[in-house]
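There are 2 protein chains.
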Amino acid sequence: MALRHAVLAALLEEELSGYQLAKAFDLGVANFWHALPQQLYAELARLEADGLVSGREVVQDTRPNKRLFTVTDAGLAELERFATSADKPSFIRDDLLVKVQAADHLDAGELIARLEERAEVADAKIELFGGLLRRMRGDRSEEEFLRDGDRIGPYLTCRRGLAFEEGNRDWCRWSAAILRERRAAHAER
Amino acid sequence: MALRHAVLAALLEEELSGYQLAKAFDLGVANFWHALPQQLYAELARLEADGLVSGREVVQDTRPNKRLFTVTDAGLAELERFATSADKPSFIRDDLLVKVQAADHLDAGELIARLEERAEVADAKIELFGGLLRRMRGDRSEEEFLRDGDRIGPYLTCRRGLAFEEGNRDWCRWSAAILRERRAAHAER
DNA sequence: ATACCCATGTAAGACGTTACATGATTTG
DNA sequence: CAAATCATGTAACGTCTTACATGGGTAT
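Chains A and B, in that order, are what the protein sequence lines are. Residues 1 to 189 (UniProt numbering) make up the first sequence, in order. Residues 1 to 189 (UniProt numbering) make up the second sequence, in order.
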């Protein structure tokens, strides 16, 4: 039941509509949680029914109307309660790792292709996260920002996202290189 | 539908029972996928019904009998098909990141405690994975093993697990240190 | 013209988690 | 002698994904 808390955490930053939330939780951007639009609309409805967020209608001329949501006091209390609970260890569930696990029994060329693809996805995310971090820092150095800046939470999670994707990229390229060398050595014989 | 492929990949290494598989996919050990025992028993039944694995009963005196499973030719073909498919990008879903995202609105002491807890979990995993890697290498250097060793797949995925946990540990300690400094600076005023 | 963006959902089905059930054997 | 390990499941419930539905406005 952490999706609700992820939504609450996202809404602490700024008032958002379901649609805007959906973009923030999208695969391409999500740096601390991922969810689909349908989940978010449903969760927002539940959160509102439980009084943890409150929505206000914003009428728009040229675009469809939207509802912007804010965290209520009860919502903040719920987040505080959540923060004191022990969190379940997070685990890996990644198609690519499954494929590499079976590397010895599969076509190396295919695997190398998948690894390169993933490395490129990681490159894109690294650039994205780097930009987000720069925007949050503004014209301050990182040291300065970490000392005095407000909204440190999103900065820290984005830093984790960045390091995670750098890890992905490095591991993918390293693994691909090893598989290539082994394939070459095998072909020589 | 990647659990089935994760099971197939695990069974390529060696013939295993549901119980042994469950241990391999456990939270503490899982380096390329995670699943609960109940899922694995159910998936093994489905895989057998579909002819992708075959089980053989092993009668034991002192322990309950068990069924050991092997990947069939059809199972290997299914894995090969899976390896050629584009994999969906993997995403983060971690309680701890949600909590840190909300850092600016929560008690710093609590967060620091969670971060330290997680860092210690990571430490334990790092040791575990380090040991697994050493066992796989045997008396060879890593370079040598990566060149000639067999069963390179599990080695590569375990390397990813290790790097991931090192990333976790470093980020947790770094974040905790920043939150501590900010708390101290705040208390001074 | 075609496609994408804004904006919000419903419904069905697949997948994952929690709780329960059983029972002998080995380890501390 | 209590707890953990070996060994295999069933049942209920909760969460996530996939498919469908609608409709105006803006960019190429």
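Note that CB positions come from ideal geometry on N, CA and C, so glycine has one too.
Check: Residue ranges of each alpha helix (DSSP H) within the segment 52–89 of chain A, 4 or longer; Outcome: 73–84
Check: Limits of the unbroken alpha helix (DSSP H) element including B/Pro-171; Outcome: One detail in the question is off: residue 171 of chain B reads as Trp in this sequence, not Pro. That run of the alpha helix (DSSP H) goes 152–188.
Check: Contact under 9 Å by Cβ, B/Asp-11 with B/Gly-75; Outcome: One point to set straight first is that residue 11 of chain B is Leu, not Asp, in the sequence displayed. Yes. Within cutoff.
Check: DSSP three-state assignment for A/Leu-27, whether helix, strand or coil; Outcome: coil
Check: Proximal chain B residues relative to A/Ile-178, where beta-carbon distance stays under 8 Å; Outcome: Leu-146, Ile-152, Leu-156
Check: Segment limits, alpha helix (DSSP H) that includes B/Leu-136; Outcome: According to the sequence as given, residue 136 of chain B is Met; it is not Leu. Here the alpha helix (DSSP H) through B/Met-136 covers 108–137.
Check: C-alpha distance - B/Glu-13 paired with A/Asp-123, whole-angstrom precision; Outcome: 32 Å
Check: Alpha-carbon spacing of B/Leu-44 relative to B/Thr-72, whole angstroms; Outcome: 13 Å
Check: Inter-residue spacing [alpha-carbon to alpha-carbon] between B/Leu-133 and A/Ile-112; Outcome: 22 Å
Check: Beta-carbon spacing of A/Ala-119, A/Arg-183 below 9 Å; Outcome: no
Check: Exposed unless 16 or more other CB atoms sit within 10 angstroms - verdict on residue 191 of chain A; Outcome: For residue 191 of chain A there is no data in the structure shown, the boundaries of chain A being 1 and 189.
Check: Whether A/Ala-42 touches B/Val-98 by CB criterion (9 Å); Outcome: no
Check: Exposure label - B/Gly-131; buried when at least 16 CB within 10 Å; Outcome: exposed
Check: Inter-residue Cα distance where the pair is A/Leu-16 and A/Ala-49; Outcome: 17 Å
Check: Members of the segment 74–98 of chain B near chain A, C-beta cut-off 9 Å; Outcome: Leu-76, Leu-79, Glu-80, Phe-82, Ala-83, Thr-84, Ser-85, Ala-86, Asp-87, Lys-88, Pro-89, Ser-90, Phe-91, Ile-92, Arg-93, Asp-94, Asp-95, Leu-96, Leu-97, Val-98
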